[in-house]
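Asks: Structure incoming, see below.
There are 2 protein chains.
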Amino acid sequence: MKLFKKIAIIGVGLIGGSLGLAIKKKQLADTVIGIGHRQASIDQALRRGAIDQGCLDIEAAQGAGLLILATPVDKILGLIPRLFKIVSSECMVIDVGSTKSEIVKAAEKSGLTFIGCHPLAGMEKRGVAYAKDDIFENSLCLVVAPMKAKRTDIERVREFWKKLGAKTEVMDACMHDRILSFVSHLPHVVAYSLMDCIKPSYLKFAASGLKDTTRIGLSDPLLWRDIFLTNRKELLTSIKDFKASLNRVELLIRNNQSKALAAYLSKSRNKRNAIAH
Amino acid sequence: MKLFKKIAIIGVGLIGGSLGLAIKKKQLADTVIGIGHRQASIDQALRRGAIDQGCLDIEAAQGAGLLILATPVDKILGLIPRLFKIVSSECMVIDVGSTKSEIVKAAEKSGLTFIGCHPLAGMEKRGVAYAKDDIFENSLCLVVAPMKAKRTDIERVREFWKKLGAKTEVMDACMHDRILSFVSHLPHVVAYSLMDCIKPSYLKFAASGLKDTTRIGLSDPLLWRDIFLTNRKELLTSIKDFKASLNRVELLIRNNQSKALAAYLSKSRNKRNAIAH
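Residue numbers (the numbering used here), protein chains in the order written: chain V, 13 to 289; chain B, 13 to 289.
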């Protein structure tokens with residue numbers, strides 16, 4: 013069943029490209045238009061079959077029933093005020109950005125029919141070359157609607173993600189940004205900081221432990237800079253809480269508190285065990 | 013070529029079991045004796061073909077040309093003083109513990125012919141069920157000899173690891189413990205602390221980033237407690253350095269220093285890029 017006649021995707025990278033591939037595989041639209049700022053990415057997305065047509069101009073979004081903003085957060089913030097002139101209120105606009113408070117605030121001002129989305133299905137790689145049509149299967153997509161959003165619009169967006177194989181959970185922007193600051197943004201800060209403190213000459217002794225722990229430190233620095241800065245307040249709170257946890261374990265080590273240290277580590281291990289490996 | 017007539021392995025878990033499998037595959041000994049404190053582990057090691065004979069008593073190490081201590085660090089420290097009555101100075105004793113200063117100190121006191129080893133080839137799982145005959149292929153084994161060790165003994169041990177497919181690097185105990193505190197022990201402390209600070213209700217929103225970053229938090233708490241406590245001094249230094257790195261990035265985020273933050277993240281990403289993914 014076609015959900016939309018025309019879907020436009022601004023940003024044909026890993027997520028935008030994967031969305032194009034998945035939309036076409038599931039036949040959710042007649043046409044998928046890809047809009048990017050580099051012709052090379054557009055060409056690659058066309059070759060991969062992620063989009064039917066490509067364009068460098070956001071005007072190409074005109075007439076779309078669904079417009080997906082799949083660019084980094086700061087670009088989404090720059091795009092939102094410019095879209096009102098291009099798409100009608102009939103057009104459902106969604107994004108896939110990693111932080112939500114600033115984006116939803118901008119969308120509320122813009123007059124667009126907007127629902128924020130955050131599919132928890134990224135990875136440290138970027139670019140349409142790594143796009144796959146199944147990355148949303150069995151994933152979770154967080155749906156963040158502005159206060160004035162219509163329930164029917166929220167349901168339509170949830171239906172869209174469901175068709176792509178994702179479960180959805182609706183929450184407000186504030187809760188989204190708080191949760192993500194802990195489960196995503198803080199681990200990135202920690203991975204980058206860990207790499208920062210290790211002498212380059214020690215790196216050849218790195219085994220799988222350090223590699224796993226810092227794998228997300230391979231992520232795009234500019235993308236993550238913008239995520240950190242658009243979620244500053246919550247992120248600073250999560251860093252504060254992390255430091256308290258770190259200080260506690262440090263003190264147990266310093267004081268040789270064998271029993272309490274074992275209890276701390278066991279508790280953490282059990283929490284980790286509760287999430288899939 | 014048989015390097016030894018009889019090899020005894022105390023501790024037939026992941027590493028001990030993998031050593032047994034690899035030794036037998038490469039035919040480095042006539043007989044491999046497994047010594048453990050639980051009959052179930054011994055039986056499982058026998059079934060897996062990791063050892064030829066199993067025993068609950070360390071007396072079974074008598075007559076071995078090579079004795080491998082493949083137990084957790086604190087057990088190795090308990091074993092060393094007891095071994096002199098069992099094995100002759102003809103017997104080469106090696107361990108596979110994760111910290112070295114305390115072990116080498118104990119070995120120097122013991123009168124054993126001892127060379128410390130640390131194969132960088134573990135994982136968060138434990139038990140002989142996960143043992144594999146190829147985990148040392150293309151890995152790195154750190155070789156840590158007491159001051160009085162003979163060069164011929166060091167070379168014999170290096171030859172042993174080379175036959176198992178591992179490269180070796182010789183260093184002193186102090187340098188070993190310093191390097192490992194950064195590339196292995198600190199990442200474990202960080203992974204356990206990260207899990208500690210995250211609310212249980214947030215865990216269902218964990219995507220691959222948090223999973224990777226905290227995977228080593230699945231490691232055995234008692235094993236790691238002993239690693240932390242036997243490398244306290246160096247670990248506390250690495251925690252201090254990590255906190256300084258964390259404080260720096262925190263300040264950049266707090267002060268909205270977009271450019272400097274991007275530079276910090278890029279530098280970390282480039283360092284991470286230098287180690288295999």
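Each residue gets a CB set at the ideal place from its N, CA and C atoms; glycine is no exception.
Quick check: the segment 135-147 of chain B against the segment 19-29 of chain B, are at least 3 beta-carbon pairs closer than 8 angstroms?
Replies: Touching, yes, given that three or more Cβ pairs across the two stretches are closer than 8 angstroms.
Asks: For GLU246 of chain B, which residues in the same chain have their Cβ closer than 6 angstroms to its Cβ, ignoring the five residues on either side in sequence?
Replies: Closer than 6 angstroms at the Cβ level, and outside the excluded window around GLU246 of chain B, lie ASP189, ARG190, SER193.
Asks: Within 8 angstroms of any Cβ in chain B, is that where the Cβ of LYS223 of chain V sits?
Replies: By this cut-off, LYS223 of chain V is an interface position.
Asks: Threshold first: 4 residues or longer. Then list the alpha helix (DSSP H) segments lying entirely within the segment 157-243 of chain B, N to C.
Replies: Entirely contained in the segment 157-243 of chain B, the alpha helix (DSSP H) runs reaching 4 residues are, in chain order, 163-175, 185-192, 198-209, 220-226, 233-242.
Asks: Output, in chain order, the set of chain V residues within a Cβ distance shorter than 8 angstroms of LEU241 of chain B.
Replies: Those within 8 angstroms of LEU241 of chain B in chain V are ILE265, ASN268, SER270, LEU273.
Asks: Measure how close the beta-carbons of PRO199 of chain B and LEU222 of chain V come, nearest whole angstrom, since I'm counting them as under 8 angstroms.
Replies: The Cβ separation is near 5 angstroms, so the contact holds.
Asks: What does ALA218 of chain B touch in chain V if you count any residue whose Cβ is under 7 angstroms from its own?
Replies: Result: VAL195, ILE287.
Asks: Based on the DSSP secondary-structure assignment, which residues constitute the bridge partners of CYS129 of chain B?
Replies: In DSSP, CYS129 of chain B forms a bridge with B:VAL155.
Asks: On the CB-based measure, 16 or more other CB atoms within 10 Å of its CB, does ASP232 of chain V come out buried or exposed?
Replies: Buried: at least 16 other Cβ atoms inside 10 Å.
Asks: Could you pull out every residue in the same chain whose Cβ sits closer than 6 angstroms to the Cβ of MET104 of chain B, ignoring the five residues on either side in sequence?
Replies: Within the same chain, MET104 of chain B has close Cβ partners LEU78, THR125.
Asks: Three or more C-beta pairs closer than 8 angstroms, one from the segment 208-228 of chain V and one from the segment 237-246 of chain B: is that the case here?
Replies: They do not touch, by the three-pair rule.
Asks: So, using beta-carbon positions, are ALA41 of chain B and VAL140 of chain B closer together than 8 angstroms?
Replies: Contact flag unset, no.
Asks: Look at the alpha carbon of ALA275 of chain V and the alpha carbon of PRO84 of chain B, and state the distance between them as a whole number of angstroms.
Replies: Straight-line Cα distance between these residues: approximately 18 angstroms.
Asks: Are there 16 or more other CB atoms within 10 angstroms of the CB of SER196 of chain B, so buried, or fewer, so exposed?
Replies: By the neighbour-count rule (16 or more Cβ atoms within 10 Å), SER196 of chain B is buried.
Asks: At what residues does the beta strand (DSSP E) containing LYS14 of chain V begin and finish?
Replies: It is not in any beta strand (DSSP E) - LYS14 of chain V carries neither H nor E in the DSSP assignment.
Asks: Between which two residues does the beta strand (DSSP E) holding ALA298 of chain V run?
Replies: The requested residue 298 of chain V does not occur in the structure, where chain V is confined to residues 13 to 289.
Asks: Looking at C-beta atoms only, is the number of pairs between the segment 206-222 of chain B and the segment 207-218 of chain V that lie closer than 8 angstroms three or more?
Replies: Because the criterion of three Cβ pairs below 8 angstroms is not met, the segment 206-222 of chain B and the segment 207-218 of chain V do not touch.
Asks: With distances taken from CA atoms, which of B:GLY128, B:ILE210, B:CYS153, B:SER151 is nearest ASP12 of chain B?
Replies: Because chain B spans 13 through 289 in this model, residue 12 of chain B falls outside it and cannot be assessed.
Asks: Pull up the DSSP beta-bridge partners for ALA20 of chain B, would you.
Replies: ALA20 of chain B pairs with B:ILE45, B:LEU79.
Asks: Could you check which residue in V:SER110, V:ASP238, V:GLY66 has the C-alpha nearest to that of VAL44 of chain V?
Replies: Of the listed residues, the one whose Cα sits closest to VAL44 of chain V is V:GLY66.
Asks: Let me make sure I understand the geometry here. Which of B:GLN74, B:ALA256, B:ASP238 has the alpha-carbon closest to that of ALA20 of chain B?
Replies: Checked all of B:GLN74, B:ALA256, B:ASP238; the closest Cα to ALA20 of chain B is B:GLN74.
Asks: From this set, V:LYS38, V:ILE63, V:ILE35, which residue's C-alpha is nearest GLY46 of chain V's C-alpha?
Replies: Among V:LYS38, V:ILE63, V:ILE35, the Cα nearest to that of GLY46 of chain V belongs to V:ILE63.
Asks: Could you spell out the range, first to last residue, of the beta strand (DSSP E) harbouring ASP107 of chain B?
Replies: Looking at the DSSP string, the run of the beta strand (DSSP E) that includes ASP107 of chain B is 104-107.
Asks: For a cutoff of 8 angstroms on Cβ pairs, would you count LYS174 of chain B as touching chain V?
Replies: No - not a single Cβ of chain V is within 8 angstroms of the one on LYS174 of chain B.
Asks: Please name the residue, chosen from V:THR180, V:ARG60, V:ASP55, V:LYS112, that lies closest to LEU81 of chain V on a Cα-to-Cα basis.
Replies: If we check each option's Cα against that of LEU81 of chain V, V:LYS112 comes out closest.
Asks: Compare the C-beta of CYS209 of chain V against all C-beta atoms of chain B and say whether one is closer than 8 angstroms.
Replies: True, the Cβ-Cβ gap to chain B drops below 8 angstroms.
Asks: What are the partner residues of GLN65 of chain B, as DSSP defines its beta bridges?
Replies: According to DSSP, which records beta bridges pairwise, GLN65 of chain B is partnered with B:ILE45.
Asks: Report the neighbours of LEU234 of chain V on chain B: residues whose CB is nearer than 9 angstroms to its CB, in chain order.
Replies: ALA274, LEU277, SER278, listed in chain order.
Asks: Report the CB separation of LEU154 of chain V from MET135 of chain V in whole angstroms; it is logged as a contact under 8 angstroms.
Replies: Incorrect: roughly 17 angstroms between the Cβ atoms, too far for contact.
Asks: To be precise: take each residue of the segment 248-262 of chain V, compare its Cβ to all Cβ atoms of chain B, and keep it if any distance is under 8 angstroms. Which residues remain?
Replies: Listed in sequence order: LEU248, SER250, ILE251, ASP253, PHE254, LYS255, ALA256, SER257, LEU258, ARG260, VAL261, GLU262.
Asks: With a cut-off of 8 angstroms on the beta carbons, I'd call ILE251 of chain B and VAL201 of chain B a contact; round off their distance for me.
Replies: Confirmed, Cβ separation roughly 6 angstroms.
Asks: Can you give me, in chain order, the residues of the segment 80-93 of chain V that have a beta carbon less than 9 angstroms from any beta carbon in chain B?
Replies: Taking 9 angstroms as the Cβ-Cβ cut-off against chain B, none of the residues of the segment 80-93 of chain V qualify.
Asks: Does the distance from the CB of ASP107 of chain B to the CB of ASP238 of chain B come in under 8 angstroms?
Replies: No, they are not a contact pair.
Asks: Secondary structure at GLN269 of chain V, three-state DSSP: helix, strand or coil?
Replies: Residue state, collapsed to three classes: coil.
Asks: Rounded to whole angstroms, what's the CA-CA distance from LEU68 of chain V to ARG50 of chain V? Just pull it up for me.
Replies: Straight-line Cα distance between these residues: approximately 7 angstroms.
Asks: Anything in chain B within Cβ reach of VAL202 of chain V, meaning under 7 angstroms, just list it in chain order.
Replies: Residues of chain B passing the Cβ test: VAL202, LEU206, THR225.
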